[in-house]
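Numbering (our numbering) for the sequence shown: 19 to 326. Below is one structure, written out as structure tokens; comments come after it.
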Amino acid sequence: MTEPVDGLRLTDERGRALTLTSGGVELFRYVYGPWDRQLESPRPYFHPLRTLSGRLVSLYRPWDHVWHKGIAWSLPNVGSQNFWGGVTYYRDRGYVQADNNGSIVHNGFDEISGGEDRMAVRESLTWVTSTGEPWFTERRSFGALIGRDGWTLAYTTEFTNVSGVTVPIGSPTTEGRPNAGYGGLFWRGPRSFSNGRVYMDGRSGGDEMMGERGTWLAYSGDHDEVDASSTLVFVDDGPAGEEPVRWFVRTGIFACVCPAPFFDVVRPVEPGASLAFRYAVTVADGDTGPDGAARVAADTAGVTSRLL
């Protein structure tokens with residue numbers, strides 16, 4: 019008889035990472051105890067990230083931006099601090115490597131639960147400045163759900179200002195650089211995904227999708243060595259009625275996607291105030307095309323409320 023195939027299985031590498039597998043395939047490794055240099059703004063990240071068939075769909079420490087790590091919550095312009103990694107963009111000086119790279123530090127897991135086709139994690143974290151001061155406390159939840167089109171990573175965050183002063187959060191675009199509004203849940207794709215296909219609201223495109231608003235955006239890319247493609251469908255899963263988020267997306271230079279809530283607006287966070295965001299990413303084998311991406315996005319919408 020054939021040995022049964024495992025459902026979802028979560029393994030904790032104590033003090034280092036959580037690894038999620040399905041049917042023997044590692045779907046993701048969530049590194050919550052990173053060993054990065056301070057210049058890279060150490061923070062938890064998901065890498066590797068794979069489809070159900072095992073295709074790799076993330077990139078770690080690319081030579082051009084070593085602070086890019088799979089999927090990670092990353093913000094470049096948080097008051098005087100950088101929780102993105104590397105250089106900071108200033109209106110009057112351009113990009114500068116300042117001594118301002120902060121860290122997002124894992125405090126502990128409040129809950130870990132799961133079953134054959136789903137799992138969920140609740141985590142507490144602290145954002146610590148380059149000089150060791152706690153600026154934000156964060157409640158983060160993430161989980162995975164196996165579906166008909168692949169599997170979905172659900173992600174929520176709520177962070178509260180504990181610094182005692184108002185902290186403005188923006189982006190390089192709010193500092194004056196056009197079409198550089200990155201910051202948020204940022205994904206860096208494999209090298210082979212460069213010049214991939216972007217789908218949004220029934221349309222196909224590429225770099226021209228930069229900064230457009232929408233409730234979802236999909237990126238399809240091709241794999242080296244094999245005749246195969248994969249698609250990631252990103253959904254802004256916040257409350258209905260909110261203005262759709264702007265998307266930071268690149269295809270030509272390299273593959274990356276980020277729902278960017280601070281793309282072109284500075285949001286001051288007063289002492290004791292909180293900001294909250296909810297996203298979901300469905301990872302699918304194959305190129306869904308624009309119509310398939312729209313269907314996957316519709317199926318993915320609301321998953322954070324159902325799972326987390």
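No residue lacks a Cβ here, since even glycine has one placed at the ideal position from N, Cα and C.
- Query: Rounded to whole angstroms, how far is the Cβ of ALA172 from the Cβ of LEU45, which I believe are closer than 8 Å?
  - Reply: With 8 Å as the limit, ALA172 and LEU45 do not qualify as a contact, their Cβ atoms being about 13 Å apart.
- Residue burial classification, GLN99 (beta-carbon count within 10 angstroms, cutoff 16): With 16 or more Cβ atoms within 10 Å of its Cβ, GLN99 is classed as buried.
- So is TRP85 buried or exposed if we call it buried at 16+ other beta carbons inside 10 Å? TRP85 should be labelled buried.
- Message: Please identify the residue among ARG55, LEU36, TYR200 whose C-alpha is closest to the C-alpha of TYR48.
- Response: Nearest Cα to TYR48 within the set ARG55, LEU36, TYR200: LEU36.
- Task: With a floor of 3 residues, list each beta strand (DSSP E) that falls wholly inside the stretch 185-228, ordered by position along the chain.
- Result: Entirely contained in the stretch 185-228, the beta strand (DSSP E) runs reaching 3 residues are, in chain order, 185-188, 202-206, 215-218, 221-223.
- Message: Considering only the alpha carbon of each residue, which of SER40, GLY239, ARG32 lies closest to ARG274?
- Response: It should be pointed out that residue 274 corresponds to Cys in this sequence rather than to Arg. The residue with the shortest Cα to Cα distance from CYS274 is GLY239.
- Query: Can you tell me the Cα-Cα spacing of ARG221 and SER159, whole angstroms?
  - Reply: Going by the C-alpha atoms only, they are around 32 Å apart.
- Tell me the DSSP bridge mates of ARG285? Partner(s): ILE187.
- Task: Would you tell me roughly how many angstroms separate the C-alpha atoms of GLU21 and GLY41, rounded to the nearest one?
- Result: Low confidence applies to GLU21: its pLDDT is 49, below 50, so where it sits in the model is not reliable, and the reading given next is rough at best. Rounded to the nearest angstrom, the two C-alpha atoms are 11 Å apart.
- Query: For GLU243, which of helix, strand or coil comes out of DSSP?
  - Reply: Coil at GLU243, not helix or strand.
- Quick one: Cα of LEU143 to Cα of PHE64, how far? If you draw a straight line from the Cα of LEU143 to the Cα of PHE64, it comes to about 16 Å.
- Query: Quick one: what does DSSP say LEU325 is sitting in, helix, strand or coil?
  - Reply: Judged by DSSP in its simplified three-state form, LEU325 adopts helix.
- Task: From the DSSP output, read off the bridge partner residues of ALA311.
- Result: Secondary-structure assignment with DSSP links ALA311 through no beta bridge to anything.
- Query: So is GLY33 buried or exposed if we call it buried at 16+ other beta carbons inside 10 Å?
  - Reply: GLY33 should be labelled exposed.
- Enclosing beta strand (DSSP E) for ASN100 [first to last residue]: First-last of the beta strand (DSSP E) with ASN100: 99-101.
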